[in-house]
Amino acid sequence: MVKKGNVTIDGGCARLRSDKIFKINHPSTCTVKHFTDYQGGKFIRQSGI
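Numbered according to the UniProt record's numbering, the sequence shown spans residues 1 to 49.
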């Protein structure tokens with residue numbers, strides 16, 4: 001997320017990630033449902049908050 005806000009991710013997948021899947025750079029609300037991660041790195045990273 002590159003600016004403040006609300007995001008809902010409904011569905012999806014990631015596979016064989018060595019780094020983060022989602023990154024949040026601002027104060028925000030992030031809701032993730034029905035998402036599958038296969039052998040991933042960090043799922044969500046918050047920075048700069």
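C-beta atoms are modelled at their ideal positions from N, C-alpha and C, and glycine is treated no differently.
Following the continuous beta strand (DSSP E) through residue i, name the residue where it begins and the one where it ends.
| i | result |
| --- | --- |
| G12 | 5-15 |
| Q46 | 44-46 |
Pull up the CB-CB distance for residue i and residue j, whole angstroms please, since I reckon it's below 8 Å.
| i | j | result |
| --- | --- | --- |
| H26 | K3 | 6 Å |
| H34 | D19 | Not a contact, Cβ separation roughly 22 Å. |
| F22 | C13 | With a Cβ gap of about 13 Å, F22 and C13 do not count as contacting. |
| L16 | Q46 | With a Cβ gap of about 23 Å, L16 and Q46 do not count as contacting. |
Sorry if obvious, but does the Cβ on residue i come closer than 6 Å to a heavy atom of the ligand SAM?
| i | result |
| --- | --- |
| N6 | The ligand SAM is not among the ligands present in this structure, which contains no ligands whatsoever. |
Does residue i come out as helix, strand or coil in the three-state DSSP assignment?
| i | result |
| --- | --- |
| S28 | strand |
In the DSSP output, which residue or residues are listed as bridge partners for residue i?
| i | result |
| --- | --- |
| I21 | Partner(s): none; I21 has no beta bridge. |
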